[in-house]
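Visitor:
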Amino acid sequence: MKKAPARRKKAEAGTHKLWGGRFAGGPHPALDAVNRSISVDFRLWPHDVRLSKAWAAALAHARVLTARESAQIIKGLDAVAARIADGEKPVATDEDVHTMIDRLLHEEAGAVASRLHTGRSRNDQVATATRLWTLNACDSLDVLIVSLQSAIIAQASRLERAVMPAYTHLQRAQPVSGAHWMLSHFWPLQRDRERLAAARTRTASLPLGSGAIAGSAFPIARARLAKSLGFSAISENSIDAVGDRDFIAEVLFALSLVGAHLSRLAEDLILFGSSEFGFVRYGDAFSTGSSMMPQKRNPDALELARGSSARMLGDLVALMGTIKGLPSGYNKDLQEDKRTLFDAADGMTLLLPAVAGSLAALTFDATRMRAAVSSTMMATDLADYLVRKRVTFREAHGAVGSLVREAEEKGCELGALPFASFKTAHKSFDTNVLNELSAQTSLENREIDGGTGPKSVKRQLSAARAAIRANI
Ligand code: ARG
691 MKKAPARRKK
701 AEAGTHKLWG
711 GRFAGGPHPA
721 LDAVNRSISV
731 DFRLWPHDVR
741 LSKAWAAALA
751 HARVLTARES
761 AQIIKGLDAV
771 AARIADGEKP
781 VATDEDVHTM
791 IDRLLHEEAG
801 AVASRLHTGR
811 SRNDQVATAT
821 RLWTLNACDS
831 LDVLIVSLQS
841 AIIAQASRLE
851 RAVMPAYTHL
861 QRAQPVSGAH
871 WMLSHFWPLQ
881 RDRERLAAAR
891 TRTASLPLGS
901 GAIAGSAFPI
911 ARARLAKSLG
921 FSAISENSID
931 AVGDRDFIAE
941 VLFALSLVGA
951 HLSRLAEDLI
961 LFGSSEFGFV
971 RYGDAFSTGS
981 SMMPQKRNPD
991 ALELARGSSA
1001 RMLGDLVALM
1011 GTIKGLPSGY
1021 NKDLQEDKRT
1031 LFDAADGMTL
1041 LLPAVAGSLA
1051 ALTFDATRMR
1061 AAVSSTMMAT
1071 DLADYLVRKR
1081 VTFREAHGAV
1091 GSLVREAEEK
1101 GCELGALPFA
1111 SFKTAHKSFD
1121 TNVLNELSAQ
1131 TSLENREIDG
1141 GTGPKSVKRQ
1151 LSAARAAIRA
1161 NI
């Protein structure tokens, strides 16, 4: 029954526009081409349908539509959603997803469809749809970050007893527990989750009802509308609401930082996987080979994490550049917002599982890690030993410095110097000083909260486990 008018209308698909009454002719093809955004914004369709249904309900509540008209529109929108979910594609003249849905709604619901766009504009519509998309994206990205954090925790618990050098300036600095190093990549991601959650909260403010710029002229119950769409607040100023893309900037910043963190984790693992370090071996499923060198085992996913995080930063910069000089209200420049948002979110959606998978598939070589720790790295422990005997740190630092120089001249490690050298360097050195040159003692001396002492690391592991169980 419904299909006949649908088919009749379909013949006119090429002419469906949301504007144009005031123009004598159609737009130039070059304008059409640059203006069309459907290839980017098509993915907003479920959100556009959802907000349109809520708008139809709100119009009925405000007595702008009859209950019957509203129900017909809502039913029509459900049919539109079913068609798109079934594979309905945009036609060449669909300027954007909003135009496409309006066209399909006319096919499905007939003339009543023309009442839906009452009191709203694509300006408040696109801002609302983009926010709805972003709310979902924040949720799914959070889940992916947590998966990576779980992979970090799993590796950290395996590395609890492993000892390795920690590096400053990429020079061997002090011994740490392998778990301590591994968890140093956990907490940045936890802060990223907090940032994303904060961005999500600000995203959950409803622009719908702002109309094109001045607010809708119909008495829409906006708080009620917000609630029905899962928003926790409504925008306070319609001019601000249609031009506000802060939420995208915040998400892009949060994602750029996730990118930077993935890149740093990847860089550690790429270094540690080189034969020079030999601390880790990449899993087969996350290694690629070389077309020329049969022996190669390359950590491509990690390198792509390092490389593609640059694009996320680019997305942030592009958006900031777009918004910084705009006059208030909506400007078409803002159509570019979605490219940056989707690019960064898509990139992250690919990267996070690849990094989590690469990490989970790694095997650490605790022997190689331990072998990289030399007694010279306990120089600070030697100075601390003297401090415990009431020597000032400055004096202790100088005494240990002279021992390091002596070892360097002899081409040996600190631990290989005879006791006599220690005694000459400072009279407060006793024979038990050699204990201080053990990595284990060095770790055990650091049972401070946040330090690498075995008990501290155990507490840190529990805190990490609790952090991913708790809500943010
Ligand atoms: N495709 C547009 C965008 O993404 C929708 C808003 C169009 N508004 C307008 N006044 N032309 O921003």
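Residues 691 to 1162 in our numbering are what the sequence shown lists, from first letter to last.
Using N, Cα and C, we set each Cβ at its ideal position, and we do this for glycine too.
#1: Have a look at residue 995 and residue 953 and give me their C-alpha separation to the nearest angstrom.
#2: So who's on the other strand from residue 854, going by DSSP bridges?
#3: Starting from the Cα of residue 1045, find the closest Cα among 920, 975 and 785 and give me that residue.
#4: Just tell me which of 1085, 1056, 955 and 1057 has its CA closest to the CA of residue 1070.
#5: When you compare only the Cα positions, how much space is there between residue 827 and residue 1065?
#6: Spatial neighbours of residue 1006 within its chain, please: CB distance less than 6 Å, with the 5 preceding and 5 following residues excluded, ordered by chain position.
#7: Under 8 Å, do residue 795 and residue 766 count as touching if we go by C-beta distance?
#8: If you compare alpha carbons, which of 748, 731 and 713 is closest to residue 917?
#9: Name the one or two DSSP bridge partners that residue 971 has.
#10: Got a sec, what are the start and stop residues for the alpha helix (DSSP H) residue 1023 sits in?
#11: Identify which residue in 1033, 963, 759 and 920 has its Cα closest to the Cα of residue 893.
#12: Pick helix, strand or coil for residue 906, following the three-state DSSP scheme.
#13: Is the Cβ-Cβ distance between residue 931 and residue 925 less than 8 Å?
#14: Output the distance between the C-alpha atoms of residue 955 and residue 999, rounded to the nearest integer angstrom.
#15: To the nearest angstrom, how far is the alpha carbon of residue 732 from that of residue 740?
#16: Closest to residue 866 by C-alpha separation, out of 1157, 908 and 1128, would be which residue?
#17: Since I believe residue 869 is in contact with residue 847 (beta carbons under 8 Å), could you give me their beta-carbon distance rounded to a whole number of angstroms?
#18: Which runs of the alpha helix (DSSP H) fall wholly inside the stretch 727-754 and span at least 4 residues, in chain order?
#19: So is residue 1113 in contact with chain B if we call contact Cβ pairs under 8 Å?
#20: Three or more beta-carbon pairs under 8 Å between the stretch 872-886 and the stretch 775-786, yes or no?
#21: Mind listing, in chain order, the continuous alpha helix (DSSP H) runs of no fewer than 4 residues lying wholly within the stretch 882-970?
#22: Evaluate the contact criterion for the stretch 828-839 versus the stretch 884-903: three or more CB pairs, one atom per stretch, below 8 Å.
#23: May I have the straight-line CA-CA distance separating residue 1017 from residue 706, to the nearest angstrom?
#24: Given a threshold of 16 other Cβ atoms within 10 Å of its Cβ, counted over all protein chains shown, does residue 1057 qualify as buried or as exposed?
#25: In the DSSP assignment, find the alpha helix (DSSP H) that holds residue 825 and state where it starts and stops.
#26: Label residue 813 either buried or exposed according to how many other C-beta atoms from any shown protein chain fall within 10 Å of its C-beta, with 16 as the threshold for buried.
#27: Residues in its own chain within less than 6 Å of residue 771 by CB, not counting five upstream and five downstream?
#28: Please work out which residues of its chain come closer than 6 Å, Cβ to Cβ, to residue 1035, disregarding the five sequence neighbours upstream and downstream, and give them in chain order.
#29: Thinking residue 959 and residue 989 are a contact (beta carbons under 8 Å), I'd like their distance in whole angstroms, please.
#30: Could you tell me which of 1022, 842, 982 and 1100 sits nearest to residue 726, measuring between CA atoms?
#31: Can you give me the Cβ contacts of residue 911 inside the same chain, cut-off strictly under 8 Å, excluding the 5 residues immediately before and after it?
#32: When you compare each of 985, 1136, 1140 and 1083 to residue 1116 by their alpha carbons, which one comes out closest?
#33: Just tell me which of 791, 758, 715 and 844 has its CA closest to the CA of residue 708.
#34: Are residue 1147 and residue 1054 close, meaning C-beta to C-beta below 8 Å?
Guide: Inspection of the coordinates gives the following:
#1: One C-alpha to the other measures close to 5 Å.
#2: Partner(s): 866.
#3: Among 920, 975 and 785, the Cα nearest to that of residue 1045 is on 975.
#4: Here the closest residue by C-alpha is 1085.
#5: Between residue 827 and residue 1065, the alpha-carbon positions lie close to 49 Å from each other.
#6: The answer, listed in chain order, is 942, 943 and 946.
#7: In this structure, residue 766 lies closer than 8 Å to residue 795 by Cβ.
#8: The shortest Cα separation from residue 917 among 748, 731 and 713 belongs to 748.
#9: According to DSSP, residue 971 bridges with 1053.
#10: Per DSSP, residue 1023 belongs to no alpha helix (DSSP H) and is neither H nor E.
#11: Comparing alpha carbon positions, the residue from 1033, 963, 759 and 920 closest to residue 893 is 920.
#12: For residue 906, the secondary structure class from DSSP, reduced to helix, strand or coil, is coil.
#13: Taking 8 Å as the Cβ cut-off, residue 931 and residue 925 qualify as a contacting pair.
#14: Going by the C-alpha atoms only, they are around 12 Å apart.
#15: Going from the Cα of residue 732 to the Cα of residue 740 covers about 14 Å.
#16: The shortest Cα separation from residue 866 among 1157, 908 and 1128 belongs to 1128.
#17: Contact between residue 847 and residue 869 holds, since their C-beta atoms are separated by about 7 Å, short of 8 Å.
#18: With a minimum length of 4 residues, the continuous alpha helix (DSSP H) runs that stay inside the stretch 727-754 are 728-731 and 735-751.
#19: Given the protein chain composition of this structure (a single chain), no chain B is represented.
#20: Fewer than three beta-carbon pairs drawn from the stretch 872-886 and the stretch 775-786 are found closer than 8 Å, and the two stretches are therefore not classed as touching.
#21: Taken in chain order, the whole alpha helix (DSSP H) runs of length 4 or more contained in the stretch 882-970 are 912-918, 928-933 and 936-963.
#22: They touch, by the three-pair rule.
#23: Their backbone Cα atoms lie some 30 Å apart in a straight line.
#24: Exposed.
#25: Here the alpha helix (DSSP H) through residue 825 covers 812-848.
#26: The residue in question, residue 813, is buried, as its Cβ has 16 or more Cβ neighbours within 10 Å.
#27: Excluding positions up to five away in sequence, the list reads 739.
#28: The residues are 827.
#29: Contact flag correct, Cβ pair sits at about 7 Å.
#30: Residue 1022 is the option with its Cα nearest to residue 726.
#31: Cβ within range, chain order: 748, 751 and 752.
#32: Ranking the options by Cα distance to residue 1116, first place goes to 1083.
#33: For residue 708, the nearest C-alpha among the options comes from 791.
#34: The Cβ atoms of residue 1147 and residue 1054 lie no closer than 8 Å to each other.
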